[in-house]
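Engineer:
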Amino acid sequence: MERRPRLRVGLIGAGTIATSAHLPALTRLRDRLELVAVADVRLEAAEATAARFGGTATADYRTLLARPDVDLVVVATPEFLHAEQTIAAAEAGKHVLCEKPMAASVTEADAMLDACRRAGVKLMIGHSRRFTPRYRAVRAAIDRGDVGEVRLVRENERRPTAMYTALAGWSGYWTPDGEGDERPWTTRAAYTYGAALTNAVHEMDLLRWFVGADAVSIYATSRVTDPTAEVPDFITCSVRFANGALGAAEVVNRLPPGYPIAHMLEVFGTAGVVRATDTTMSSLSVTGQGGTTHPANWSTLLHVPAAYEDQLRSFADAVRDDAPVPLHPWEARQALAMSLAAVRSSAEGRAVRLDEGARSDAGAGPRTLGPGDSPEGRDGGGQRPGRRTETSE
Ligand SMILES: NC(=O)c1ccc[n+]([C@@H]2O[C@H](COP(=O)([O-])OP(=O)(O)OC[C@H]3O[C@@H](n4cnc5c(N)ncnc54)[C@H](O)[C@@H]3O)[C@@H](O)[C@H]2O)c1
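Using numbering that gives the first Met the number 0, count along the sequence shown one by one with no gaps and you end on 392.
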């Protein structure tokens, strides 16, 4: 059989998710992919990552994008950089697998879709849970008609403050202001809206996927419980969908000591219910003085290496075969619109309709939002206006 050349990958952002999930997946896909370049503003992180996984290091992602031997890039930086870096990559002719949330505003997400369509490059957003066996099994049960017509989907996520501290070799989140202010970007209003985007965009995407319709309105409440943080770490969202179904999501990022990481999903329909939880599906639980842990959950259920591998493999194959990407970026754009509506709802204490226009962008927030993000006249997350055919796929 003819051996096809490997796709050459550039990584932008050598932080937690890149080194714990994307690059191990890439290593397992070495028949298809080769890491040739790593860019990170922290040059030492880029160098350490290149030494471990391959390629050469740079502090400037534009140097990476200027290389003709990079076919596709993985963008794994904080969300406020996704639009800038994805658009620059598209303009350099690179295909892009960008981490969730797609961007910091719907306006930015639309600009990403436009840039990739114009450049004729593929774009996919890493909503990794779409690639987990667990949630695929849930979708398959719905497709088989096991639950009948879906009426309510609940998805809850409960995590310790810094879930990733459990990872071997974890070096911490990026602290933008370095020495003098060691607070990570995940807690800072200048860089993120907090749990609505860092976590709940997963819940928004899953609710929408399992309900099979776009959201009409969201009511959300959130709070900041971490005294050092500026953005919410608790959020609850109540969603009404266009087909009448309801959705509910809860994210708790600061669990009491000893409480296990737990994800819980329920899909209620006219004919049945699907339920998936970390604890009842766990193949291993260990209870000690520090509480209960479910090591198998970490590695085999939700944060599954196989999901990142499948995500990267199927994106790479779409690039190589010039086929549609397995998860259209419009899906991520809609999940983002829901999350931003939740941010606005929580801030304004009212239900926010998705057709309010880009006012469902959350408003003043992460620092890349600029004059071009004026809310007037943009569609901030309404129904898919037939744009799907206009995008990069
Ligand atoms: N799919 C998932 O389940 C999942 C899980 C965790 C994180 N994420 C997403 O991945 C993204 C990164 O999160 P993380 O947890 O890895 O954060 P992190 O802070 O660990 O890593 C971010 C990296 O980006 C680098 N960086 C900052 N500015 C840069 C720039 N201008 N150019 C190049 N590099 C730059 C930082 O130095 C850091 O190494 C976020 O969008 C986050 O929401 C997704």
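All C-beta atoms, glycine included, are put in the ideal place defined by N, C-alpha and C. Just so you know, these numbers come straight off a predicted model, no measurement behind them.
#1: Mapping DSSP to helix, strand and coil, what is Ser19?
#2: May I ask you to report which of helix, strand or coil DSSP gives Arg352?
#3: I believe Ile260 touches Pro183 by the beta-carbon criterion, under 8 Å. Please report the beta-carbon distance rounded to the nearest angstrom.
#4: What does the Cβ neighbour count give for Thr367, buried or exposed, with the cut at 16 atoms within 10 Å?
#5: Nearest by alpha-carbon distance to Val152: which of Ala322, Glu202, Ser344, Cys97 is it?
#6: Kindly indicate which residue of His327, Arg319, Arg41, Arg349 has the alpha-carbon position closest to the one of Glu178.
#7: Using the C-alpha atoms, what's the distance from Thr48 back to Thr18?
#8: May I ask you to verify whether the segment 167 to 174 touches the segment 56 to 70, counting CB pairs closer than 8 Å and requiring at least 3?
#9: So, with DSSP's three-state summary, where would you put Glu229?
#10: For the pair the segment 136 to 148 and the segment 214 to 229, tell me if three or more CB-CB distances fall below 8 Å.
#11: Under a Cβ-count criterion, where at least 16 other Cβ atoms within 10 Å of its own Cβ denotes burial, should Ala50 be classed as buried or exposed?
#12: With a threshold of 8 Å, are at least 3 pairs of Cβ atoms found where one atom belongs to the segment 103 to 111 and the other to the segment 332 to 352?
#13: Ser104 by DSSP, collapsed to three states: which one?
#14: Kindly list the residues whose CB is nearer than 7 Å to the CB of Gly369, restricted to its own chain and excluding five residues on each side of it in sequence; keep chain order.
#15: Could you check what DSSP says for Thr26 in three-state terms: helix, strand or coil?
#16: Just to confirm before moving on: does the CB-CB distance between Leu122 and Pro325 stay below 8 Å?
#17: Rounded to the nearest angstrom, what separates Ala270 and Pro67 at their Cα positions?
#18: What does the Cβ neighbour count give for Gly119, buried or exposed, with the cut at 16 atoms within 10 Å?
#19: Per DSSP, what kind of secondary structure is Arg5 in: helix, strand or coil?
#20: Need the endpoints of the alpha helix (DSSP H) that Thr174 sits in, please.
#21: What residue range is occupied by the uninterrupted beta strand (DSSP E) comprising His94?
#22: Mark Tyr258 as exposed unless 16 or more other C-beta atoms lie within 10 angstroms of its C-beta, in which case mark it buried.
#23: Excluding sequence positions up to five away, which residues of its chain have a Cβ less than 7 Å from the Cβ of Ala87?
#24: Using the C-alpha atoms, what's the distance from Ala306 back to Thr131?
#25: Looking only at DSSP bridge pairs, what is Ala322 linked to?
#26: What residue range is occupied by the uninterrupted alpha helix (DSSP H) comprising Glu83?
#27: Assign Pro231 to one of two classes, buried (16 or more other C-beta atoms within 10 Å of its C-beta) or exposed (fewer than that).
#28: To the nearest angstrom, how far is the alpha carbon of Asp321 from that of Arg135?
#29: Ligand 1 and Arg222: does the residue's C-beta get closer than 7 Å to at least one heavy atom of that ligand?
#30: Rounded to the nearest angstrom, what separates Val95 and Ala89 at their Cα positions?
#31: Going by alpha carbons, who is nearest to Thr191 out of Val223, Val72, Glu78, Glu43?
#32: What are the boundary residues of the beta strand (DSSP E) that His201 is part of?
#33: Measure how close the beta-carbons of His21 and Val69 come, nearest whole angstrom, since I'm counting them as under 8 Å.
#34: Per DSSP, Cys411 is paired with what?
#35: Using a Cβ-Cβ cutoff of less than 6 Å, which residues in the same chain neighbour Gly9 once the five nearest sequence positions on both sides are dropped?
#36: Since Glu154 is in the beta strand (DSSP E), which residue starts that stretch and which ends it?
Structural biologist: Concretely, from the data shown:
#1: Ser19 falls in the helix class under three-state DSSP.
#2: strand
#3: In fact, because the Cβ distance is near 19 Å, the residues do not count as touching under 8 Å.
#4: Only weak support is given to the placement of Thr367: the predicted model assigns it a pLDDT of 38, under 50, and the value that follows is read from those uncertain coordinates. Flag for Thr367 reads buried.
#5: Glu202
#6: Arg41
#7: Spanning the two alpha carbons is a distance of roughly 7 Å.
#8: No, the segment 167 to 174 is not in contact with the segment 56 to 70.
#9: coil
#10: no
#11: exposed
#12: yes
#13: Reduced to three states, the DSSP call for Ser104 is coil.
#14: For Gly369, the predicted model reports a pLDDT of 34, less than 50, meaning its position is unreliable; a value from the coordinates is still stated below. For Gly369, where only same-chain residues beyond five positions count, there are no Cβ hits under 7 Å.
#15: helix
#16: no
#17: 54 Å
#18: exposed
#19: coil
#20: Here Thr174 belongs to no alpha helix (DSSP H), and DSSP marks it neither H nor E.
#21: Run containing His94: 94 to 98, per the beta strand (DSSP E) assignment.
#22: Of the residues assessed, Tyr258 falls on the exposed side of the cut-off, its CB having fewer than 16 other CB atoms within 10 angstroms.
#23: Arg61, Leu64
#24: 5 Å
#25: Bridge partners of Ala322: none, in fact.
#26: 81 to 90
#27: By the 10 Å Cβ count, Pro231 comes out buried.
#28: 24 Å
#29: no
#30: 7 Å
#31: Glu78
#32: Here His201 belongs to no beta strand (DSSP E); instead the alpha helix (DSSP H) covers 199 to 210.
#33: So it is not a contact: roughly 15 Å between Cβ atoms.
#34: Residue 411 lies beyond the range of the chain shown here (0 to 392); nothing can be said about it.
#35: For Gly9, where only same-chain residues beyond five positions count, the Cβ hits under 6 Å are Ala36, Leu63, Val69, Val72.
#36: 149 to 157
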